[in-house]
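Working notes for the structure below.
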Amino acid sequence: MVGLYGIKEEIFLSIPCVLGRNGVSDVVKINLNSEEEALFKKSAETLWNIQKDLIF
Numbered sequence: 001m002v003g004l005y006g007i008k009e010e011i012f013l014s015i016p017c018v019l020g021r022n023g024v025s026d027v028v029k030i031n032l033n034s035e036e037e038a039l040f041k042k043s044a045e046t047l048w049n050i051q052k053d054l055i056f
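What follows is the structure, encoded as structure tokens:
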């Protein structure tokens, strides 16, 4: 989700999208107010801080 709402890390989030025969064909960008966008970014950062330390 790099670039969406200012997210800078490669993180996987559940967001609305349009599915086609070959998978995701478009991401539905929802208009967020500044508070909602800040909270969304904080959630993404929290997930990234956990995800980056996982070893597979």
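According to full-length UniProt numbering, the sequence shown is numbered sequentially starting from 1.
By construction, the Cβ of each residue, glycine as well, lies at the ideal position given by its N, Cα and C atoms.
**Report entry** Secondary structure of Gly6, DSSP reduced to three states
**Finding:** The answer is helix: DSSP assigns Gly6 an H, G or I state.
Query - Cα-Cα separation, Gly20 to Leu4 - result: Between the alpha carbons of Gly20 and Leu4 lies a distance of about 20 Å.
Query - Continuous alpha helix (DSSP H) stretch holding Ser14: start and end - result: Going by DSSP, Ser14 is part of no alpha helix (DSSP H) at all; its letter is neither H nor E.
**Report entry** Cβ distance (whole Å) where Ile11 is taken to contact Leu47 below 8 Å
**Finding:** The beta carbons of Ile11 and Leu47 sit about 5 Å from each other, so the pair counts as a contact at 8 Å.
Query raised in the report: How about Ile15 and Val27: are their beta carbons less than 8 Å apart?
Result: Cβ atoms of Ile15 and Val27: closer than 8 Å.
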